[in-house]
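Participant:
2 protein chains.
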Amino acid sequence: MKTENIKVACSSCNLRELCMPVGLEPTELQRIDDIVAKRRKVRRREMLFRNGDRFTSLYAIRTGVFKTRVASQDGRDQVTGFQMAGEIIGLDGIVNDQHTCDAVALEDSEVCVMPFDRIEELSREVTALQRHVHQIMSREIVREHGVMMLLGSMRAEERLAAFLLNLAQRLHARGFSRSELVLRMTREEIGSYLGLKLETVSRTLSKFMDDGLIEVQQRNLRIVDSEGLRRLITPAAC
Amino acid sequence: MKTENIKVACSSCNLRELCMPVGLEPTELQRIDDIVAKRRKVRRREMLFRNGDRFTSLYAIRTGVFKTRVASQDGRDQVTGFQMAGEIIGLDGIVNDQHTCDAVALEDSEVCVMPFDRIEELSREVTALQRHVHQIMSREIVREHGVMMLLGSMRAEERLAAFLLNLAQRLHARGFSRSELVLRMTREEIGSYLGLKLETVSRTLSKFMDDGLIEVQQRNLRIVDSEGLRRLITPAAC
DNA sequence: CGTGGTTTTGATCATAATCAACGTCTGTGG
DNA sequence: CCACAGACGTTGATTATGATCAAAACCACG
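Order-wise, the sequence lines are chains S and Y. Residues in the first sequence are numbered from 1 upward in steps of one, following UniProt numbering. Residues in the second sequence are numbered from 1 upward in steps of one, following UniProt numbering.
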């Protein structure tokens, strides 16, 4: 768990359009700089925080990919999301000053540590930051509504199609290819997120390949017919 | 859509321990009073807000029960929660200034309308309110994690058992019986929330009755063996 | 006192889970 | 750099769970 105290300026961060300070004036942006206490590197398979840890900070992902997961009493666990550069994790800890899920790095990653009391302090003064914090939390709530829709009323193919399109879209927003992507997570992790077993994920990917919708080879995936995937989600377009 | 401009004081509301101003000092509590612009009555089957409505306010439920639901393009919809007295709805609207779900009253209900700009304004001054708003949003995120766990990795019996226990617990926190409750929602709505068809909900309830776990007659339900239900969720307790 | 929405129950079917075997890749240590 | 162990992924056969289709009973409400 390596940490650095090098000053990192949000105002010069190339993620600033995706991350915390979206929509801030330059003068405000400077004030935001000092909510980032430090950066922290998290290596593949390491946890940024875990269930039960005392909550102190939110984390903005600079590089890398994380999964978050919750565990039930009897050991089953459920992946609740995959997060990438510019996204904020740790919001679950606010309510009880304690984290209720694990955040695991899926590849070597780096985050900005933002002590929550500083965020609160500063967002009392900077209206745009206050608004932004509210939006981040609301966005997470809306995202989870989408996942509930996925899990509650879609079939395996639809879930996986929606997942792939969502992943590609988010990667594209970060400057990556619209169609080519590397799955940083295992089939089992995808399955856990989508409420499917790993065999079903594998089979469904194979089927998508047979149908000419995608090409997969291990973790490398290319979306060949993005429109076809979309059609799977909105069947028959009624 | 009837509204009343009668001044409602949070400081004298019997829900104040459950609702917005939990943990505030009396002097702060008085200041909170004027975030409640008015009350609004919503009759059974009416919508408090719907997908696409402009977001202006959060709503604290004074009496009654709501469901929230999201709709997919092709008309399927997914119940995302059932909310009762003291709970806050409308958080989904913050991120895009627009609601992304419908809130439907399951019985004649009344809410406190809290314009969000006033909440933001006041929470810049009253630290405890700021903290409370953050906690409400975080609590909703954590609740949804639980639903994802439910939908993603539990079987029908487990889902329904968890649902009934959660409902009973929340009603008990509001002064109702720990074991006796009235289901304000249909089997279909329960099914939508739990990712099951209404027939499965009905069958599973019947099975619980055969097993002596509950007694059901229409919407009236009594939990006979709460420990037995709990055991269903944590199978074998390993 | 119908009428329509809701609920129950039965029979059958579809989807994804499970069990199993094998193939492939990755990373580690010699 | 290679060999090996263990994790990861694919595919097939079978099963279990819950969905679907169908019919009847029940209730609430106008």
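Note that CB positions come from ideal geometry on N, CA and C, so glycine has one too.
Tell whether a beta-carbon distance below 8 Å holds between S:R170 and S:A105.
Facilitator: For the purposes of this step, residue 170 of chain S is identified with residue 170 of the first sequence, where counting begins at 1. For the purposes of this step, residue 105 of chain S is identified with residue 105 of the first sequence, where counting begins at 1. No; because the gap between Cβ atoms is not below 8 Å, this pair is not in contact.
Participant: Quick one: grab the DSSP three-state call for Y:L18.
Facilitator: Stepping through the second sequence from its first residue, residue 18 of chain Y is reached at position 18. If DSSP states are grouped into helix, strand and coil, Y:L18 belongs with coil.
Participant: Evaluate S:E140 with the Cβ neighbour count: other Cβ atoms within 10 Å of its Cβ, from every protein chain shown; 16 or more gives buried, anything less gives exposed.
Facilitator: On the first sequence, position 140 is the one that residue 140 of chain S refers to. By the neighbour-count rule (16 or more Cβ atoms within 10 Å), S:E140 is buried.
Participant: Taking beta-carbon pairs under 8 Å, can you tell me which members of the region 160-193 of chain S lie near chain Y?
Facilitator: Legend: CB atoms of the region 160-193 of chain S lying less than 8 Å from CB atoms of chain Y belong to residues S192 and Y193.
Participant: Give me the Cβ distance between S:M148 and Y:Q78, rounded to the nearest whole Å; I'm assuming they're in contact under 8 Å.
Facilitator: The residue labelled residue 148 of chain S in the question sits at position 148 within the first sequence. The residue labelled residue 78 of chain Y in the question sits at position 78 within the second sequence. Going by Cβ atoms, the distance from S:M148 to Y:Q78 rounds to 6 Å, so yes, they are a contact pair.
Participant: Along chain S, which residues have their Cβ under 8 Å away from the Cβ of Y:K226?
Facilitator: On the second sequence, residue 226 of chain Y is found 226 positions in, with the first residue counted as 1. With the sequence shown as reference, residue 226 of chain Y is identified as Ser, and Lys is not the correct amino acid for it. Result: empty, since nearest Cβ-Cβ is about 16 Å, beyond 8 Å.
Participant: Going along the chain, which unbroken runs of the beta strand (DSSP E) with 3 or more residues stay wholly within the region 113-194 of chain S?
Facilitator: 180-182
Participant: Among the residues of its own chain, which have a CB less than 7 Å from the CB of S:E87, if the five just before and after it don't count?
Facilitator: For this step, residue 87 of chain S is matched to residue 87 along the first sequence. Taken in chain order, the residues that qualify are I61.
Participant: What do you reckon, are the CB atoms on Y:E120 and S:Q135 nearer than 8 Å?
Facilitator: Position 120 of the second sequence holds residue 120 of chain Y. Position 135 of the first sequence holds residue 135 of chain S. Cβ distance not < 8 Å, so Y:E120 and S:Q135 don't count as in contact.
Participant: Alpha carbon to alpha carbon, how far is Y:V142 from S:T100?
Facilitator: Taking the first residue of the second sequence as 1, we reach residue 142 of chain Y at position 142. Taking the first residue of the first sequence as 1, we reach residue 100 of chain S at position 100. Whole-angstrom Cα-Cα distance: 8 Å.
Participant: Counting C-beta neighbours from all protein chains within 10 Å, is the total for Y:D80 16 or more, i.e. buried, or is it exposed?
Facilitator: Reading the second sequence from its first residue, position 80 is the one you call residue 80 of chain Y. Checking the sequence shown, residue 80 of chain Y turns out to be Thr, not Asp. Counting Cβ neighbours within 10 Å, Y:T80 comes out buried, since at least 16 surround it.
Participant: Report the partner residues of S:E215 according to the DSSP bridge assignment.
Facilitator: Here the question's residue 215 of chain S lines up with position 215 in the first sequence. DSSP lists S:R222 as partners of S:E215.
Participant: Assign S:K197 to one of three DSSP states: helix, strand, or coil.
Facilitator: By 1-based counting over the first sequence, the position of residue 197 of chain S is 197. The answer is coil: DSSP assigns S:K197 none of H, G, I, E or B.
Participant: For S:M149, return the contacting residues in chain Y, with the cut-off set at a CB-CB distance below 9 Å.
Facilitator: Reading the first sequence from its first residue, position 149 is the one you call residue 149 of chain S. What S:M149 touches in chain Y: V70, A71, S72, R76, D77, Q78 and T80.
Participant: Closest to Y:R69 by CA distance: which of Y:F208, Y:E189, Y:R54 and Y:R155 is it?
Facilitator: The count along the second sequence starts at 1 and reaches residue 69 of chain Y at position 69. Minimum Cα distance to Y:R69 is reached at Y:E189.
Participant: If we cut at 8 Å on Cβ distances, does Y:M137 have a partner in chain S?
Facilitator: In the second sequence, residue 137 of chain Y corresponds to position 137, counting from 1. Answer yes: the Cβ-Cβ gap between Y:M137 and chain S drops below 8 Å somewhere.
Participant: Do Y:S177 and Y:R187 have their CB atoms nearer than 8 Å?
Facilitator: As a first step, residue 177 of chain Y is located in the second sequence; it is residue number 177 there, counting from the start. As a first step, residue 187 of chain Y is located in the second sequence; it is residue number 187 there, counting from the start. Not closer than 8 Å, so no.
Participant: Under DSSP, the alpha helix (DSSP H) around S:Q30 begins and ends at which residues?
Facilitator: In the first sequence, counting from the first residue as 1, residue 30 of chain S sits at position 30. Segment P26 to I32, the alpha helix (DSSP H) holding S:Q30.
Participant: In this structure, how does DSSP classify Y:S72 when only helix, strand and coil are distinguished?
Facilitator: Sequence index remark: in the second sequence, residue 72 of chain Y carries index 72 (1-based). Reduced to three states, the DSSP call for Y:S72 is coil.
Participant: Here's the rule: buried if 16 or more other CB atoms are within 10 angstroms of the residue's CB, otherwise exposed. What is Y:S153?
Facilitator: Stepping through the second sequence from its first residue, residue 153 of chain Y is reached at position 153. Buried.
Participant: Classify S:K2 as helix, strand or coil using the three-state DSSP reduction.
Facilitator: The sequence position of residue 2 of chain S within the first sequence is 2, counting from 1. Note on S:K2: pLDDT 44, under 50, position unreliable in the model; the coordinate value appears next. DSSP places S:K2 in strand when its eight states are reduced to three.
Participant: Which chain S residues sit within Cβ distance under 9 Å of Y:C101?
Facilitator: The residue you call residue 101 of chain Y lines up with position 101 of the second sequence. The contact set of Y:C101 on chain S, defined by CB atoms closer than 9 Å, consists of V142 and H145 in chain order.
Participant: May I ask you to report which of helix, strand or coil DSSP gives S:I88?
Facilitator: For the purposes of this step, residue 88 of chain S is taken as residue 88 along the first sequence, with counting starting at 1. Correct three-state label for S:I88: strand.
Participant: My output table needs one value for S:T56: the three-state DSSP class, helix, strand or coil.
Facilitator: For this step, residue 56 of chain S is matched to residue 56 along the first sequence. Three-state result, S:T56: coil.
Participant: Quick check on DSSP: helix, strand or coil for Y:T80?
Facilitator: Residue mapping note: residue 80 of chain Y aligns to position 80 of the second sequence, counting from 1. Three-state result, Y:T80: strand.
Participant: Comparing the C-beta of S:E110 with each C-beta of chain Y, is any distance below 8 Å?
Facilitator: For the purposes of this step, residue 110 of chain S is taken as residue 110 along the first sequence, with counting starting at 1. Cβ-Cβ to chain Y under 8 Å: no for S:E110.
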